[in-house]
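A.B. asks:
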Amino acid sequence: MSDYLVIVESPAKAKTIERYLGKKYKVKASIGHVIDLPKSQMGVDVENNYEPKYITIRGKGPVLQDLKNAAKKAKKVYLAADPDREGEAIAWHLAKSLNVDLESDCRVVFNEITKDAILESFKHPRPLDKDLVDAQQARRVLDRLVGYNISPILWKKVKKGLSAGRVQSVALRLIIDREREIEKFIPEEYWSIEGKFEKGKKAFEALYFGKEKEKAKLTNEDEVKAVLNLMKGKNFDVTNVTKKERKRNPAPSFTTSSLQQEAARKLNFRARKTMMLAQQLYEGIDLGKKEGTVGLITYMRTDSTRISDTAKADAAEFIKSEYGSEFLSTKKAEKQDKKAQDAHEAVRPTNVLRTPDSLKAILSRDLFRLYKLIWERFVASQMAPATLDTVAVDLKNGEVIFRANGSQVKFAGFMKVYVEGSDDQTDDKDKLLPVMEVGDKVSATEIEPKQHFTQPPPRYSEARLVKTLEELGIGRPSTYAPTLDTIQKRGYVALETKRFVPTELGTIIHQLVSEFFPKIVDIEFTAQMERDLDSVEEGQVEWKKIIDAFYVEFEKHLEHAEAEMEKIVIKDEPTGEDCEECSSPMVYKLGRYGKFMACSNFPDCRNTKAIVKEIGVKCPSCEEGQIVERKSKTKRLFYGCNQYPTCEFLSWDKPISRQCPKCNEMLVEKKLKKGIQIQCVACDYKEDPQS
Numbered sequence: 005m006s007d008y009l010v011i012v013e014s015p016a017k018a019k020t021i022e023r024y025l026g027k028k029y030k031v032k033a034s035i036g037h038v039i040d041l042p043k044s045q046m047g048v049d050v051e052n053n054y055e056p057k058y059i060t061i062r063g064k065g066p067v068l069q070d071l072k073n074a075a076k077k078a079k080k081v082y083l084a085a086d087p088d089r090e091g092e093a094i095a096w097h098l099a100k101s102l103n104v105d106l107e108s109d110c111r112v113v114f115n116e117i118t119k120d121a122i123l124e125s126f127k128h129p130r131p132l133d134k135d136l137v138d139a140q141q142a143r144r145v146l147d148r149l150v151g152y153n154i155s156p157i158l159w160k161k162v163k164k165g166l167s168a169g170r171v172q173s174v175a176l177r178l179i180i181d182r183e184r185e186i187e188k189f190i191p192e193e194y195w196s197i198e199g200k201f202e203k204g205k206k207a208f209e210a211l212y213f214g215k216e217k218e219k220a221k222l223t224n225e226d227e228v229k230a231v232l233n234l235m236k237g238k239n240f241d242v243t244n245v246t247k248k249e250r251k252r253n254p255a256p257s258f259t260t261s262s263l264q265q266e267a268a269r270k271l272n273f274r275a276r277k278t279m280m281l282a283q284q285l286y287e288g289i290d291l292g293k294k295e296g297t298v299g300l301i302t303y304m305r306t307d308s309t310r311i312s313d314t315a316k317a318d319a320a321e322f323i324k325s326e327y328g329s330e331f332l333s334t335k336k337a338e339k340q341d342k343k344a345q346d347a348h349e350a351v352r353p354t355n356v357l358r359t360p361d362s363l364k365a366i367l368s369r370d371l372f373r374l375y376k377l378i379w380e381r382f383v384a385s386q387m388a389p390a391t392l393d394t395v396a397v398d399l400k401n402g403e404v405i406f407r408a409n410g411s412q413v414k415f416a417g418f419m420k421v422y423v424e425g426s427d428d429q430t431d432d433k434d435k436l437l438p439v440m441e442v443g444d445k446v447s448a449t450e451i452e453p454k455q456h457f458t459q460p461p462p463r464y465s466e467a468r469l470v471k472t473l474e475e476l477g478i479g480r481p482s483t484y485a486p487t488l489d490t491i492q493k494r495g496y497v498a499l500e501t502k503r504f505v506p507t508e509l510g511t512i513i514h515q516l517v518s519e520f521f522p523k524i525v526d527i528e529f530t531a532q533m534e535r536d537l538d539s540v541e542e543g544q545v546e547w548k549k550i551i552d553a554f555y556v557e558f559e560k561h562l563e564h565a566e567a568e569m570e571k572i573v574i575k576d577e578p579t580g581e582d583c584e585e586c587s588s589p590m591v592y593k594l595g596r597y598g599k600f601m602a603c604s605n606f607p608d609c610r611n612t613k614a615i616v617k618e619i620g621v622k623c624p625s626c627e628e629g630q631i632v633e634r635k636s637k638t639k640r641l642f643y644g645c646n647q648y649p650t651c652e653f654l655s656w657d658k659p660i661s662r663q664c665p666k667c668n669e670m671l672v673e674k675k676l677k678k679g680i681q682i683q684c685v686a687c688d689y690k691e692d693p694q695s
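Numbering (the numbering used here), first residue to last: 5 to 695.
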């Protein structure tokens, strides 16, 4: 018989922790929540001061009974669920179910699954934190009151299977607001003048700046011609050289949010995939007979950027030996407030000596790529700033000034290991200029005006939406991935070229929720609610007071919606085509992923077709069909002939109507990191679409 029973959430880490603790400890898994609110009903007694009605989750009865039997045989029970609000709530429910004294030192938290961290955590058990439990309860109850009250109204008024939640409603609003911005956007013309210059035998580029020290905007071709008429010849004088040294600091180690954003940018991972892989790295990977199963990263649900002193010291030793002492950060450690001195740290490797290359043969491709990202970000965060030399050179011809900007990495610092990604593509390569001094002369080899048009704000990618929600104070680290999943599963948004586009159904739901429950989609109200819920965790306010303050007004909105919301009938719109199978009219239907074509004779005829969009280009293969947009099974956009399968032409790049001026073959729009470039499919011809 074991002296001590330890209960964790996941079976994957139970055996590893048991091996670390020794024979006196028996480690069992609750497999997540054992007690929770029922799925079949709201589970909140509004008439009894919002008391939650907890039940044993269906199918978890045997698990709970097994834990009860093990608890009776043990001298002491330790509850070691994850180190967050949800983990604290799981531990609290288990303590009540197993008759563990809530005031006893029964709670153990650790930020990483390594032997040292586990053994150290068991030296410092603590009582359950009721404030954390209440904070979790408050969120669960509030989400139930919102979701389980609004959703049935939407089922009755629109169709079954719909939902409206606190965070998802704001996320949907952001996507729809952005779409409206794009629709209202009116492009504005502007011009640039690009110059290619030579100083001796060295070539460089510069852009038109203005006259004297006044920066000028060029809004039309006449203004460009006026500038060109002011120029006299191709010789320019160097009138100003400004040199500066700039420091660039490393980004801190990952939080949940920044990990999801960077994995989307650099690895093309969806938020859900990132969290699934991170969970595996946290719970442990089998490294072979010598080490066994070891957690490779710290807990991945966190909004802290704190790093433990031990991890900092280990990183310093590694950086010093691997790169040299000059690459070590000289930044003094920041003071942490009391709240930060808990189990939460940033997401980092548990052992900096486990380099990505040393694990490449063990980890799957995706696990390796995510681990490498986390490892490099952590190591870089502990390194010295990079030093860049920047130079700006003014070139004058009469009244006209061109400006050339250059930069060079003087000292790589953290950039030797890692450079943070960006939603807006930037070029981090050195842009070297020849050595120039005031009074030097340079000659222009080419002066080229270019017409441009302002672009609308981009649609939200997963990374950009997560970043926006975090900046607005909406949701918490654990909510982003499931929120993005939900709005897609409900059919409120679709992903097109990795960007969120609202569907017709999503727009309808947003309009209804906005009209009848305005505060649910109010960004500031939702952010303030998050802050109020955080105050529960800090022990500043009783959670039921916050719920009551919200529900009193919310209940009035519910009554109004029940009485006044009209039933929405989403009518089938005729397509003007007949079904190929039964000759009945085809109609547009609204489905989970947006509109599609279906036979009006359903269910007798189940013929469906995707809606195809012509792009106004004749098929270059058969010369009879039209090129249309299509989507692959993985939702990737491609282009094919509408005469398929008679004509099997397809292209991942968008064909355009013009032919190559060099060889008369097809031109396509090629998507590159820096933007779109027009290329020929047969020869080396390329052009800038804005030129």
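For each residue, glycine too, the CB sits at the ideal point set by N, CA and C.
Using the C-alpha atoms, what's the distance from residue 262 back to residue 279?
C.D. replies: Your numbering for residue 279 matches position 275 in the sequence shown. Your numbering for residue 262 matches position 258 in the sequence shown. Between residue 279 and residue 262, the C-alpha separation is close to 12 Å.
A.B. asks: Compute the Euclidean distance between the alpha carbons of residue 479 and residue 527, then round it to the nearest angstrom.
C.D. replies: Taking the first residue of the sequence shown as 1, we reach residue 479 at position 475. Taking the first residue of the sequence shown as 1, we reach residue 527 at position 523. Distance between the alpha carbons of residue 479 and residue 527 is about 11 Å.
A.B. asks: What does DSSP give as the partner residues of residue 456 in its beta bridges?
C.D. replies: Position 452 of the sequence shown holds residue 456. Answer is 194.
A.B. asks: Which one or two residues does DSSP pair with residue 56 in a beta bridge?
C.D. replies: Stepping through the sequence shown from its first residue, residue 56 is reached at position 52. DSSP lists 48 as partners of residue 56.
A.B. asks: Quick one: Cα of residue 659 to Cα of residue 644, how far?
C.D. replies: Position 655 of the sequence shown, counted from the first residue, corresponds to residue 659. Position 640 of the sequence shown, counted from the first residue, corresponds to residue 644. Per the coordinates, the alpha-carbon of residue 659 lies some 10 Å from the alpha-carbon of residue 644.
A.B. asks: Could you tell me which residues DSSP puts in a beta bridge with residue 626?
C.D. replies: Here residue 626 is taken as the residue at index 622 of the sequence shown, counted from 1. Its beta-bridge partners do not exist; DSSP assigns none.
A.B. asks: Tell me the rounded alpha-carbon separation between residue 505 and residue 581.
C.D. replies: One-based indexing of the sequence shown puts residue 505 at position 501. One-based indexing of the sequence shown puts residue 581 at position 577. Distance between the alpha carbons of residue 505 and residue 581: 26 Å.
A.B. asks: Over the uninterrupted alpha helix (DSSP H) stretch that includes residue 278, give me the two end residues.
C.D. replies: In the sequence shown, counting from the first residue as 1, residue 278 sits at position 274. From DSSP, the alpha helix (DSSP H) with residue 278 extends over 275–287.
A.B. asks: Hey, could you find the ends of the alpha helix (DSSP H) residue 259 is sitting in?
C.D. replies: Here residue 259 refers to the residue found at position 255 of the sequence shown. Counting along the chain, residue 259 falls outside any alpha helix (DSSP H), and DSSP gives it neither H nor E.
A.B. asks: Leaving aside the five residues before and after residue 343 along the sequence, list all residues of the same chain whose C-beta is less than 6 Å from its C-beta, in chain order.
C.D. replies: Numbered from 1 along the sequence shown, position 339 holds the residue referred to as residue 343. With a pLDDT of 39 at residue 343, under the threshold of 50, the modelled position of this residue cannot be trusted; read the value that follows with caution. For residue 343, where only same-chain residues beyond five positions count, there are no Cβ hits under 6 Å.
A.B. asks: Taking 9 Å as the cut-off, decide whether the C-beta atoms of residue 82 and residue 132 are in contact.
C.D. replies: The residue given as residue 82 occupies position 78 in the sequence shown. The residue given as residue 132 occupies position 128 in the sequence shown. No, Cβ-Cβ distance for residue 82 and residue 132 is not below 9 Å.
A.B. asks: Please identify the residue among 489, 228, 445, 158 whose C-alpha is closest to the C-alpha of residue 451.
C.D. replies: Here residue 451 refers to the residue found at position 447 of the sequence shown. Closest by alpha carbon: 228.
A.B. asks: For the structure I just gave you, are there three or more beta carbon pairs, one from the region 365–385 and one from the region 289–307, closer than 8 Å?
C.D. replies: yes
A.B. asks: In the DSSP assignment, the beta strand (DSSP E) including residue 582 goes from what residue to what residue?
C.D. replies: Working through the sequence shown from its first residue, we reach residue 582 at position 578. Residue 582 -> beta strand (DSSP E) spans 577–582.
A.B. asks: Where does residue 413 fall in DSSP's three states?
C.D. replies: Within the sequence shown, the letter at position 409 stands for residue 413. Here residue 413 sits in strand by DSSP.
A.B. asks: So what does DSSP say about residue 394, is it helix, strand or coil?
C.D. replies: Indexing the sequence shown from 1 puts residue 394 at position 390. In this structure, residue 394 counts as strand in the three-state DSSP scheme.
A.B. asks: Measure the alpha-carbon distance for residue 532 versus residue 483 and round it to whole angstroms.
C.D. replies: Mapped onto the sequence shown, residue 532 falls at position 528. Mapped onto the sequence shown, residue 483 falls at position 479. In a straight line, the C-alpha of residue 532 is about 17 Å away from that of residue 483.
A.B. asks: Take the Cβ of residue 125 as the centre, count every other Cβ of all protein chains shown within 10 Å, and call the residue buried at 16 or more, exposed below.
C.D. replies: Looking up residue 125 in the sequence shown gives position 121. Counting Cβ neighbours within 10 Å, residue 125 comes out buried, since at least 16 surround it.
A.B. asks: Report all residues from its chain with a CB closer than 8 Å to the CB of residue 22; omit the five preceding and five following residues, and keep chain order.
C.D. replies: Residue mapping note: residue 22 aligns to position 18 of the sequence shown, counting from 1. Within the same chain, residue 22 has close Cβ partners 10, 29, 30, 31.
A.B. asks: Could you give the distance in angstroms between the alpha-carbon of residue 432 and the alpha-carbon of residue 114?
C.D. replies: In the sequence shown, counting from the first residue as 1, residue 432 sits at position 428. In the sequence shown, counting from the first residue as 1, residue 114 sits at position 110. Note that residue 432 scores 47 on pLDDT, short of 50, meaning its location in the model is unreliable and no value can be drawn from it.
A.B. asks: Could you tell me which of 102, 174, 198 sits nearest to residue 521, measuring between CA atoms?
C.D. replies: Taking the first residue of the sequence shown as 1, we reach residue 521 at position 517. Answer by Cα proximity: 174.
A.B. asks: Apply the 10 Å Cβ neighbour rule to residue 412 and answer buried if 16 or more other Cβ atoms are within range, or exposed otherwise.
C.D. replies: Stepping through the sequence shown from its first residue, residue 412 is reached at position 408. Exposed: under 16 other Cβ atoms inside 10 Å.
A.B. asks: In three-state terms, what does DSSP make of residue 344?
C.D. replies: Locating residue 344 in the sequence shown gives position 340, where the first residue counts as 1. Residue placement at residue 344 is poorly supported in this model, since its pLDDT is 36, which falls under 50; the coordinates still yield a value, given next. Correct three-state label for residue 344: helix.
A.B. asks: Is the beta carbon of residue 310 sitting closer than 9 Å to the one on residue 249?
C.D. replies: Counted from its first residue, the sequence shown places residue 310 at position 306. Counted from its first residue, the sequence shown places residue 249 at position 245. A distance of 9 Å or more separates the beta carbons of residue 310 and residue 249.
A.B. asks: Put residue 675 into one of helix, strand or coil per three-state DSSP.
C.D. replies: As a first step, residue 675 is located in the sequence shown; it is residue number 671 there, counting from the start. Note: residue 675 maps to strand in three-state DSSP.
A.B. asks: Indicate whether the contact test is met: 3 or more Cβ pairs, each with one atom in the region 175–182 and one in the region 488–500, closer than 8 Å.
C.D. replies: yes
A.B. asks: Hey, how far is the Cα of residue 486 from the Cα of residue 169?
C.D. replies: Numbered from 1 along the sequence shown, position 482 holds the residue referred to as residue 486. Numbered from 1 along the sequence shown, position 165 holds the residue referred to as residue 169. Rounded to the nearest angstrom, the two C-alpha atoms are 12 Å apart.
A.B. asks: Are the beta-carbon atoms belonging to residue 354 and residue 307 less than 9 Å from one another?
C.D. replies: If you number the sequence shown from 1, residue 354 lands on position 350. If you number the sequence shown from 1, residue 307 lands on position 303. Not a contact, by the Cβ cut-off of 9 Å.
A.B. asks: Using a Cβ-Cβ distance cut-off of 9 Å, determine whether residue 348 contacts chain C.
C.D. replies: Among the protein chains of the structure shown there is no chain C, as only one such chain exists.
A.B. asks: Please confirm if the region 380–393 is in contact with the region 405–420, defined as three or more CB-CB distances below 8 Å between the two stretches.
C.D. replies: yes
A.B. asks: So what's residue 324 in DSSP terms, helix, strand or just coil?
C.D. replies: In the sequence shown, the residue the question calls residue 324 occupies position 320. In the structure shown, residue 324 adopts helical secondary structure according to DSSP, grouped into three states.
A.B. asks: What would DSSP say about residue 205, mapped onto helix, strand or coil?
C.D. replies: The count along the sequence shown starts at 1 and reaches residue 205 at position 201. Note: residue 205 maps to coil in three-state DSSP.
A.B. asks: What residues match up with residue 297 in a beta bridge as DSSP calls it?
C.D. replies: Indexing the sequence shown from 1 puts residue 297 at position 293. Answer by DSSP bridge pairing, in chain order: 290.
A.B. asks: Using the three-state DSSP reduction, which class does residue 211 fall into: helix, strand or coil?
C.D. replies: By one-based count along the sequence shown, residue 211 stands at place 207. Correct three-state label for residue 211: strand.
A.B. asks: Among 383, 302, 303, which one has its Cα closest to the Cα of residue 326?
C.D. replies: As a first step, residue 326 must be located in the sequence shown, where it is residue number 322. Looking at the Cα atoms, 383 is the closest of the given residues.
A.B. asks: For a test of the three-state rule: what should DSSP assign to residue 112, helix, strand or coil?
C.D. replies: Taking the first residue of the sequence shown as 1, we reach residue 112 at position 108. Note: residue 112 maps to coil in three-state DSSP.
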